[in-house]
Amino acid sequence: MSILVVGSLAFDNIETPFGRSDNTLGGSSTYIALSTSYFSDDIKLVGVVGADFDEEHFQLLHNKGIDTRGIQVVDEGKTFRWSGRYHYDMNTRDTLDTQLNVFAEFDPHVPQAYRDARYLCLGNIDPELQMKVLDQVSNPDLVILDTMNFWIEGKPEALKKTLERVDIFILNDSEARLLSGNPNLVKSARIIRKMGPKTLIIKKGEHGALLFTDDGIFAAPAFPLESIYDPTGAGDTFAGGFLGHLSRAGEINDTELRKAVLYGSAMASFCVEKFGTEKLAGLDLLEIDDRYQSFLDLSKIDDQ
Ligand code: AMP
Numbered sequence: 632m633s634i635l636v637v638g639s640l641a642f643d644n645i646e647t648p649f650g651r652s653d654n655t656l657g658g659s660s661t662y663i664a665l666s667t668s669y670f671s672d673d674i675k676l677v678g679v680v681g682a683d684f685d686e687e688h689f690q691l692l693h694n695k696g697i698d699t700r701g702i703q704v705v706d707e708g709k710t711f712r713w714s715g716r717y718h719y720d721m722n723t724r725d726t727l728d729t730q731l732n733v734f735a736e737f738d739p740h741v742p743q744a745y746r747d748a749r750y751l752c753l754g755n756i757d758p759e760l761q762m763k764v765l766d767q768v769s770n771p772d773l774v775i776l777d778t779m780n781f782w783i784e785g786k787p788e789a790l791k792k793t794l795e796r797v798d799i800f801i802l803n804d805s806e807a808r809l810l811s812g813n814p815n816l817v818k819s820a821r822i823i824r825k826m827g828p829k830t831l832i833i834k835k836g837e838h839g840a841l842l843f844t845d846d847g848i849f850a851a852p853a854f855p856l857e858s859i860y861d862p863t864g865a866g867d868t869f870a871g872g873f874l875g876h877l878s879r880a881g882e883i884n885d886t887e888l889r890k891a892v893l894y895g896s897a898m899a900s901f902c903v904e905k906f907g908t909e910k911l912a913g914l915d916l917l918e919i920d921d922r923y924q925s926f927l928d929l930s931k932i933d934d935q
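In the numbering used here, each residue's number is its place in the sequence shown (first place is 1) plus 631.
#1: Which one of P742, L874 and Y662 has the shortest CA to CA distance from D772?
#2: For S660 and S819, what's the separation of their Cα atoms in angstroms?
#3: Following a CB-centred definition, is S641 positioned closer than 7 Å to any heavy atom of ligand 1?
#4: Using 7 Å as the cut-off, classify the Cβ of P739 as near or not near the heavy atoms of ligand 1, replying yes or no.
#5: Are the CB atoms of I669 and I919 nearer to each other than 8 Å?
#6: Go through its chain and collect everything with a Cβ distance to Y862's Cβ below 6 Å, but skip five positions before and after it.
#7: Are the CB atoms of V679 and F734 nearer to each other than 8 Å?
#8: Between the alpha carbons of P648 and Y717, how many angstroms are there, rounded?
#9: Helix, strand or coil: how does DSSP classify R724 here?
#10: At a cut-off of 7 Å, is M826 close to ligand 1 when judged by its beta-carbon and the heavy atoms of the ligand?
#11: Count the CB pairs spanning the stretch 851 to 861 and the stretch 821 to 831 that are closer than 8 Å, and state whether there are at least three.
#12: Give me the Cα-Cα distance between T793 and S769, rounded to the nearest whole angstrom.
#13: For I756, is the beta carbon positioned less than 7 Å from some heavy atom of ligand 1?
#14: Enumerate in chain order the residues of its own chain whose CB-to-CB distance from R712 is below 6 Å, with the five nearest sequence positions on each side excluded.
#15: Please state the DSSP three-state secondary structure of T655.
#16: Apply the 10 Å Cβ neighbour rule to T723 and answer buried if 16 or more other Cβ atoms are within range, or exposed otherwise.
#17: Which two residues bound the contiguous alpha helix (DSSP H) that contains Y894?
#18: With DSSP as the reference, please indicate the residues paired to N803 in a beta bridge.
#19: What is the residue span of the beta strand (DSSP E) that Y923 lies within?
#20: Does K675 come out as helix, strand or coil in the three-state DSSP assignment?
#21: Taking the straight line between their C-alpha atoms, what separation do you get for H740 and G701?
#22: By DSSP, does R716 sit in helix, in strand, or in coil?
#23: So is the beta-carbon of G650 under 7 Å away from any non-hydrogen atom of ligand 1?
#24: Classify R808 as helix, strand or coil using the three-state DSSP reduction.
#25: Within a Cβ cutoff of 7 Å, which residues of the same chain sit near D653, ignoring the five residues on either side of it in sequence?
#26: Hey, V774 and R746: beta-carbon distance below 8 Å or not?
#27: Taking T655 as the reference, which of F843, D683, F901 and G708 has the closest Cα?
#28: Report the option in P742, E707 and Y750 whose CA atom is closest to the CA atom of D673.
#29: For N694, is the classification buried or exposed, using 16 other Cβ atoms within 10 angstroms of its Cβ as the cut-off for buried?
#30: For ligand 1, I want to know if Y750 counts as a neighbour, meaning its beta carbon is within less than 7 Å of at least one of the ligand's heavy atoms.
If you want it as structure tokens, here you go:
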């Protein structure tokens, strides 16, 4: 199943109560594509970087079989930069700085060879750019969209227009409250699903994730980890694992959606164990399946 991922490629400065990391490779599409790469060998990436995006960064993506021919390189520009600081609970963070750089002028071009991708994942970028991508693809089977408070507050109308064309929408609890204008997540979900996406996932950081479909609500726990180094990218990594499982399953029904939420949660739990993309770059399928099994065991009861 061919997958097209569009989103940011970035250098991040991350501060947590336990350390900091500067100029770390990040960005929504980087995390999504790395995470999905454990489930699919047909991933194509569209995005934009500056001259500071080195060969070693491309190499990291190539090593995972990701097709990067759709990444535009702006020789006279700088790659998108984001700085964030996590609070003591590691569940909430403040954005300290966002430098759009090459993203400010980005006009996404989906190469001809990418246009018939069956699954489209629109990672967190300007919703107007997400819409431009939607206009260039030929009728994908599934459109997944992620966003963040920056765009909900900055471009709410463009986001709502884009949402009308989305099948599965992934966002976190504070973003859901912000977008719906309602503090209750179940009510928020109802309001947001009326905007277009029939399937909605609300991530709650260390408290797990909720899946809302026509069939009801599914609640997945988060993995109780002893050491969390850096939550950056966990949401995108979740989206990547979720998408990866669905593409591998080849069908979309309530059971596969529920499994996909657990695979997404498993991938996110790896992501936070090291800074940036470090952990995601070196996993294997066995440990991913082990973690998935641990998720199932978390709420299993043996009453025999
Ligand atoms: P997450 O922790 O899953 O929300 O994703 C964090 C990643 O999103 C970081 O690597 C950032 O580079 C990237 N990011 C932060 N703000 C934005 C933004 N406004 N647009 C696109 N990507 C962003």
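Virtual Cβ for every residue (Gly too), placed ideally from N, Cα, C.
Here's the rundown:
#1: L874
#2: 26 Å
#3: Ser is not the amino acid found at residue 641; the sequence shown has Ala there. For ligand 1, at least one heavy atom lies less than 7 Å from the Cβ of A641.
#4: no
#5: Before going further, note that residue 669 is Tyr rather than Ile in the sequence given. Cβ distance < 8 Å, so Y669 and I919 count as in contact.
#6: The displayed chain sequence assigns Pro, not Tyr, to residue 862. Only M721 and V903 meet the Cβ criterion.
#7: yes
#8: 7 Å
#9: strand
#10: no
#11: no
#12: 16 Å
#13: yes
#14: F642 and Q730
#15: strand
#16: exposed
#17: D885 to C902
#18: K834
#19: Here Y923 belongs to no beta strand (DSSP E); instead the alpha helix (DSSP H) covers L916 to L929.
#20: strand
#21: 8 Å
#22: strand
#23: no
#24: helix
#25: N644
#26: no
#27: D683
#28: Y750
#29: exposed
#30: no
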